[in-house]
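The block underneath contains the structure these notes are about, expressed in structure tokens.
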Amino acid sequence: MICIVCTSAYLGNRMADALRRRGEQVCTYTENIRKKSGLLQNMTRAFSCDWLMQMLQTEEVSRVYFDCAYFTDSATFRKISPHTKFIALSSLFEEARINMALCCGAKDFLMQPFSTDDFDEVYERTK
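Numbered per the numbering used here, the sequence shown spans residues 165 to 291.
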């Protein structure tokens, strides 16, 4: 199974569709948090992390595509599921988040907006 933790429902669904076309089983947690208050944003981040923890504990998860808006350090999750590969997602001009995620153990990254070719390339590299 592949998990997607993303702030954009559109982007999460786009990635999920691409993965399902490859025959992958996909589970997504998407939430559009652009206009929510800081407190609600933090709660949404906490809920997404709780959801991911539960998925890693109960399912065989091979990869996690995660939005750096939720977290950058995947160490806590890798302790639960050491074989899972984490792929960071971030927007333009947020290179610092990507660098932090890579330093903290992410295997690869996708910078938004990305093309289908970019997605395919990362998919193949993280098989």
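Every residue, glycine too, gets a C-beta built ideally from N, C-alpha and C.
Cα-Cα separation between residue i and residue j, rounded to whole angstroms
| i | j | result |
| --- | --- | --- |
| Thr194 | Lys243 | 23 Å |
| Leu204 | Cys232 | Below a pLDDT of 50, predicted positions are generally treated as unreliable, and Leu204, at 47, falls in that range; the measurement from the model is reported next regardless. Using only the alpha carbons, I get a separation of about 17 Å. |
| Asp214 | Asp281 | 31 Å |
Under the three-state DSSP convention, the category residue i falls into
| i | result |
| --- | --- |
| Phe283 | helix |
| Cys191 | strand |
| Cys170 | strand |
| Ser226 | coil |
| Ala182 | helix |
| Lys243 | helix |
| Ser212 | helix |
Contact under 8 Å by Cβ, residue i with residue j
| i | j | result |
| --- | --- | --- |
| Cys268 | Ser238 | yes |
| Arg261 | Asp272 | no |
| Phe230 | Ala252 | yes |
| Thr236 | Ala265 | yes |
Which listed residue (the options) has its alpha carbon closest to that of residue i
| i | options | result |
| --- | --- | --- |
| Gly295 | Phe283, Thr236 and His247 | Residue coverage of the chain in this structure runs from 165 to 291, which leaves residue 295 outside it and unanswerable. |
| Cys170 | Val228, Gln221 and Arg184 | Val228 |
| Leu216 | Gln276, Arg186 and Ser245 | Ser245 |
| Ser255 | Ser212, Met275 and Glu223 | Met275 |
| Tyr234 | Met165, Ser172 and Ile166 | Ser172 |
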